[in-house]
Amino acid sequence: MPSLTRITIYPIKSLDGHQVSRAEVLPSGALAGDRRFALQDSSGRFVNGKKFAAIHRIRARFTANLQSVSLSCGEGEETFELQAGNRLLAEWCSQAMGLSCQLVENTAGGFPDDCESPGPTLISEASLREVASWFEGVDLEEARRRFRMNLEIDAEFPFWEDRLAAGTAEKPRFRIGSTVWYGRGVCARCVVPTRDAMEGSVIAGFAKEFVRRREETLPDGSPRKRFDHFYRLGVNTSAMPQKGSKAIAVGELLEELQLGKSDCSL
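Written as structure tokens, this is what we have:
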């Protein structure tokens, strides 16, 4: 039975992650603090890696209480209070990005990439190591930065987590700690993983090579019907409705649940 070995939240959408040992699960199913803030341009569009490669050059370090963030882009570092409408932070990002930015906040559930699956994304370390081995110059840490997953488990072989993704009308369920999750699908990837996470430079042919290797290494138990293409990695989730506050912590086991099994602890 795999265990949870790493939790990473991304307090500001599209900036660096922040590793924690425990995370509260919000009623929406999202992890508290994950993508709670986001940058928007003057038209209200999210400023993210999909549209703006320059964001890769910004480094962010968050305090343990997530009350402030230190930002750098090249030489020098400046620290700002992490709160919506912080004009100084917005001006710093605007200058670093070369476009007008504002910092917005959603305390209820953050700004997830997939609003239909707002729970944390999940992957195994084995999968990240396998993918890293496909590309020269990419190691485990770089793979983590490129794919930006929330939960990491110690599964016994690469892509074990595919089995948690829905392959039929019924959604697989699994429990971590006291929280039960639905596996929704295998995450479709965007342009971001093709780029160096620190600089934004592109590995030529990354997506094509990824697709070839992913199809070749698809394990038994993966919901092949869900692979309309093979540029997919990790699992999207949503949490079952829950009573009271919930949290997850590093070291807790991931238990697959049988379809129809009663979850009287919820």
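All residue numbers for the sequence shown refer to the numbering used here, where the first residue is 35 and numbers rise by one.
Glycine included, every Cβ here is placed at the ideal spot set by N, Cα and C.
Return the first residue and the last residue of the beta strand (DSSP E) that Gln74 is part of. 71-75
Tell me which same chain residues have a C-beta within less than 6 Å of the C-beta of Ile152, skipping the five on either side of it? In the sequence as presented, Ile is not what sits at residue 152; that position holds Pro. So the list reads Ser62, Gly63, Ala64, Gly143, Pro146, once near-sequence residues are dropped.
Backbone CA spacing between Trp168 and Arg207 [nearest angstrom]: 31 Å
Within the chosen definition, does the stretch 204-224 reach the stretch 260-273 through at least 3 CB pairs nearer than 8 Å? yes
Tell me the DSSP bridge mates of Ala283? Arg56
Selection from Gly67, Arg178, Ser48, Asp188 that minimises the alpha carbon distance to Cys127: Ser48
Which residue wins for smallest C-alpha separation from Thr97, given the options Val245, Ile43, Ser161? Ile43
Is the number of C-beta pairs between the stretch 97-117 and the stretch 171-183 that are closer than 8 Å three or more? no
According to DSSP, residues forming a beta bridge with Gln136: Gln74
For Arg248, is the classification buried or exposed, using 16 other Cβ atoms within 10 angstroms of its Cβ as the cut-off for buried? buried
What is the rounded straight-line gap between the Cα of Asp160 and the Cα of Ser37? For the record, residue 160 in the displayed sequence is Ala; it is not Asp. Going from the Cα of Ala160 to the Cα of Ser37 covers about 13 Å.
In terms of residues, what are the limits of the alpha helix (DSSP H) holding Trp126? 121-131
Just to confirm the assignment, what range does the beta strand (DSSP E) spanning Ala94 have? 93-96
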